[in-house]
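Residue numbers (my numbering): 11 to 78.
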């Protein structure tokens, strides 16, 4: 009983500490060359609706697995 209470208190404290110090997402746009952005936009605009929908999917692939 005491162990569960202690674990809950520690977890709550860590959660509260992390909530007070949010991390800012990395800004990738500062490293992006404007020509690259135009190229991405031109390729994306050339895609059909089905191809654009396909861009939303990501397949999981494991390089360290011997068999499928």
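Ideal Cβ placement from N, Cα and C applies to all residues, glycine included.
- Message: Can you tell me where the alpha helix (DSSP H) holding residue 96 begins and where it ends?
- Response: No information on residue 96 is available, as it lies outside the stretch 11 to 78 that the chain covers here.
- Task: With residue 8 as the anchor, note down where its alpha helix (DSSP H) starts and where it stops.
- Result: In the structure as shown, the chain starts at 11 and stops at 78, and residue 8 therefore has no counterpart that could be examined.
- Check whether residue 45 and residue 54 have beta carbons under 9 angstroms apart: no
- Enumerate in chain order the residues of its own chain whose CB-to-CB distance from residue 50 is below 6 angstroms, with the five nearest sequence positions on each side excluded. none
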